[in-house]
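If you read the protein sequences in the order shown, they are chains A and B. If you're matching positions, the first sequence starts at 6 in the working numbering and goes up one per residue. If you're matching positions, the second sequence starts at 1012 in the working numbering and goes up one per residue. No residue lacks a Cβ here, since even glycine has one placed at the ideal position from N, Cα and C. This report concerns only the one structure given below.
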Amino acid sequence: MHPAPSVIVFTTLSGAGFGLLAFLALGLLPVYGVQAFLIWGLGYGLAVIGLLASTFHLGNPQRAWRAFTQWRTSWLSREGWAAVAALLLLAPVALAAIFGGGLPPFFGLVGAAFCLATVIATSMIYTQLKTVPRWNFWATPALFLAFAATGGAIMTGQALMAAVLCALLAVLMIAAFKLGDQRFGEVGASMGSATGLGSVGKVRVLAQPHTGPNYLMKEMIHVVGRKHAATLRRIAVTLAAILPGLMLLFMPPHPFVLAVIAAIHLMGAFAARWLFFAEAEHVVGLYYGQR
Amino acid sequence: MTALPPPSAKKLGLVIDLDTCVGCHACVTACKGWNDQGYGVPLSDQNAYGSEPSGTFLNRVHSYEVQPDQGPAQVINFPRSCLHCENAPCVTVCPTGASYKRAEDGIVLVNEDACIGCGLCAWACPYGARELDQAAGVMKKCTLCVDRIYNENLPEEDRQPACVRTCPAGARHFGDLGDPDSDVSKLVAERGGYDLMPEMDTKPVNKYLPPRPKGPEQQVDILAPLLDVKTTGFAGWLDRILEKI
Ligand code: SF4
Ligand code: SF4
Ligand code: SF4
Chain A
6 MHPAPSVIVF
16 TTLSGAGFGL
26 LAFLALGLLP
36 VYGVQAFLIW
46 GLGYGLAVIG
56 LLASTFHLGN
66 PQRAWRAFTQ
76 WRTSWLSREG
86 WAAVAALLLL
96 APVALAAIFG
106 GGLPPFFGLV
116 GAAFCLATVI
126 ATSMIYTQLK
136 TVPRWNFWAT
146 PALFLAFAAT
156 GGAIMTGQAL
166 MAAVLCALLA
176 VLMIAAFKLG
186 DQRFGEVGAS
196 MGSATGLGSV
206 GKVRVLAQPH
216 TGPNYLMKEM
226 IHVVGRKHAA
236 TLRRIAVTLA
246 AILPGLMLLF
256 MPPHPFVLAV
266 IAAIHLMGAF
276 AARWLFFAEA
286 EHVVGLYYGQ
296 R
Chain B
1012 MTALPPPSAK
1022 KLGLVIDLDT
1032 CVGCHACVTA
1042 CKGWNDQGYG
1052 VPLSDQNAYG
1062 SEPSGTFLNR
1072 VHSYEVQPDQ
1082 GPAQVINFPR
1092 SCLHCENAPC
1102 VTVCPTGASY
1112 KRAEDGIVLV
1122 NEDACIGCGL
1132 CAWACPYGAR
1142 ELDQAAGVMK
1152 KCTLCVDRIY
1162 NENLPEEDRQ
1172 PACVRTCPAG
1182 ARHFGDLGDP
1192 DSDVSKLVAE
1202 RGGYDLMPEM
1212 DTKPVNKYLP
1222 PRPKGPEQQV
1232 DILAPLLDVK
1242 TTGFAGWLDR
1252 ILEKI
């Protein structure tokens, strides 16, 4: 699949943003006043920038409101609702933290639940696609949740919890890479089944249907850069999980240190998300004799 | 509404005969010609006269070489367009309700006025049947020529999809696959019509007819018996001598 910057920014930043908001909503970081303004602002900023980025890959963004109508069937629609609900429900919690004045923890709990729902809905947009076997299994929601939780834990300075989450994230990332590699084979789609000619014999492309590129090939058959995948995988796991984990364990949880750790983690998350798209193979490639 | 309707009794679709398709791309051109000025926005082209032309098409024809275990390879031309799936994943993923499946005849359409061009439906389709128009930013797909098949302004014989009407080889058939007594259903039963990528669970309405089995390889070289001439006279003597040396 084509790793469009808009979707990479969207899923990475909004994931980290909603992770951070969930941790704040649960009251894990007791901050008030200016500090609360800054950290809640960061959470809202990441989530909103991510959501805005997602509109950049739309052909007609002016109609984006229509995406709220099909929540009963569409994960993309549910994602929109969950995101808006989380941002609205958490506003009083954020304001209470900034301006003082307690709110019962129930408010934060509900808001955190919607943050969780948003991340799950985002991941399900990809997980639901049978056509992309690498996405279509449990590792996708697990990874999205682990990224959100790790980002949130780092940014709220929960050093020990964040270190444990980093370890979990590393294991999940490696598992997703390894299991993901086998998914296409497991699904069993082949040029033979795509054309139905497998029963006649071995199928090979003789002539492509068009001489230039088309939307399908640009969007679904992204082969550029796959040759660096192995290196990028190591970079992604190191930056997103291993290095932050070690720094969390061996460095003082000073805000500046945490900011550096968070930045490293996010770089790893971007690399991982780039791979998530670039390595994903769509079954339509079979018609073109490509993956 | 992107919830799928309950299975309709009428299931309009195409039956494509891979035995007779000659790969002329006439259906590709006819489809583009009709749908460029019919349903929804035109099918735009990008860089049409440049080095890398591309454009939106609702129907594409692939050519494959299939090598059986025994005998020579076969060339099979393979038209690919929307299969109007009963279990259409492209419809349920759509966040706006732009993609829908008609309850009355099963045709899968896009309401372009509601489409935000997110492209998710194209990702959900296993068959590459949807292309996002690069000029208009809305999703285009085969309409089963819904503006022809019910069009009373057209003469009766033209009330079929443009691709079917134009196919010079008669490789494309249109009809109601929900009715077991329709011509297309009988054709499918008779020729062993099949679904593409059944493992994707989309339950396509369109069916493909496999190439007919080829008989054993024939002696095609009609000159061969003539080449095996026995030489006589001086040439025969020379032939024998030379063979001995
Ligand atoms: S062929 Fe593709 S676009 Fe057409 S109904 Fe099936 S899934 Fe949808
Ligand atoms: S591109 Fe249009 S039709 Fe397709 S899923 Fe998005 S809004 Fe729906
Ligand atoms: S039925 Fe109409 S829209 Fe569909 S492929 Fe044929 S000509 Fe194109």
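Query                                                                                                                                                                                                 : Result
Any Cβ of chain B within less than 9 Å of the Cβ of H233 of chain A?                                                                                                                                  : no
Given that a residue counts as buried once 16 or more other Cβ atoms are within 10 Å of its Cβ, and exposed if not, what is M256 of chain A?                                                          : exposed
Less than 8 Å between the CB atoms is what I'm expecting for P1018 of chain B and E1097 of chain B, so what's the real figure, rounded?                                                               : 6 Å
Can you say whether L244 of chain A is buried or exposed, counting buried as having 16 or more other CB atoms within 10 angstroms of its CB?                                                          : buried
Could you give the residue range of the beta strand (DSSP E) that holds N1088 of chain B?                                                                                                             : 1085-1092
Hey, out of B:A1020, B:G1139, B:C1174, B:Q1057, whose CA is closest to I1160 of chain B's CA?                                                                                                         : B:C1174
Tell me, please, which residues DSSP counts as bridged to Y1075 of chain B.                                                                                                                           : A:V210, B:I1087
Report the neighbours of D1030 of chain B on chain A: residues whose CB is nearer than 7 Å to its CB, in chain order.                                                                                 : Result: empty, since nearest Cβ-Cβ is about 11 Å, beyond 7 Å.
Three-state secondary structure (DSSP) at I179 of chain A?                                                                                                                                            : helix
On the three-pair Cβ rule with 8 Å, is the region 1112-1122 of chain B touching the region 1146-1158 of chain B?                                                                                      : yes
Does Y220 of chain A have its Cβ less than 9 Å from a Cβ in chain B?                                                                                                                                  : yes
Residues of chain B with CB under 9 Å from K135 of chain A, in chain order?                                                                                                                           : P1100, A1135, P1137, E1210, M1211, D1212, T1213
What are the partner residues of V1119 of chain B, as DSSP defines its beta bridges?                                                                                                                  : B:K1112
Within 8 Å, do at least three Cβ pairs link the region 197-215 of chain A to the region 115-135 of chain A?                                                                                           : no
Residues of chain A with CB under 7 Å from V1149 of chain B, in chain order?                                                                                                                          : G64, N65
Determine the direct distance from the alpha carbon of G113 of chain A to that of F42 of chain A, and round the result to whole angstroms.                                                            : 16 Å
Among residues of its own chain, excluding the 5 on either side of G1203 of chain B, which ones have a beta-carbon nearer than 7 Å to its beta-carbon?                                                : P1221
Touch check for the region 27-45 of chain A and the region 95-102 of chain A: three-plus C-beta pairs under 8 Å?                                                                                      : yes
With 16 as the cutoff for other CB atoms within 10 Å, does I179 of chain A come out buried or exposed?                                                                                                : exposed
Counting Cβ pairs, one atom from each stretch, are 3 or more of them under 8 Å apart for the region 157-168 of chain A and the region 21-35 of chain A?                                               : yes
What is the rounded straight-line gap between the Cα of W312 of chain A and the Cα of A277 of chain A?                                                                                                : As displayed, chain A neither begins before 6 nor continues past 296, which places residue 312 of chain A out of reach and without an answer.
Does the beta carbon of R1113 of chain B fall short of 8 Å from some heavy atom of ligand 1?                                                                                                          : no
Would DSSP call Q75 of chain A helix, strand or coil?                                                                                                                                                 : coil
Alpha carbon to alpha carbon, what distance is there between E1063 of chain B and A1084 of chain B?                                                                                                   : 32 Å
Count the other C-beta atoms from every protein chain shown that fall within 10 angstroms of the C-beta of R1251 of chain B, then say buried if there are 16 or more, exposed otherwise.              : exposed
Does the region 124-132 of chain A come into contact with the region 140-151 of chain A, if we say contact requires no fewer than three beta-carbon pairs (one atom in each stretch) closer than 8 Å? : yes
Assuming R71 of chain A contacts A1125 of chain B (C-beta within less than 8 Å), just tell me the rounded distance between them.                                                                      : 5 Å
Under 8 Å between beta-carbons, which chain B residues line up against A69 of chain A? List them in chain order, please.                                                                              : I1127
Over the uninterrupted beta strand (DSSP E) stretch that includes M1150 of chain B, give me the two end residues.                                                                                     : 1150-1152
Comparing the C-beta of W80 of chain A with each C-beta of chain B, is any distance below 9 Å?                                                                                                        : yes
At 3 residues or longer, and completely inside the region 230-268 of chain A: list those beta strand (DSSP E) runs for me, N to C.                                                                    : none
On the DSSP bridge assignment, give the partners of R1141 of chain B in chain order.                                                                                                                  : B:K1152
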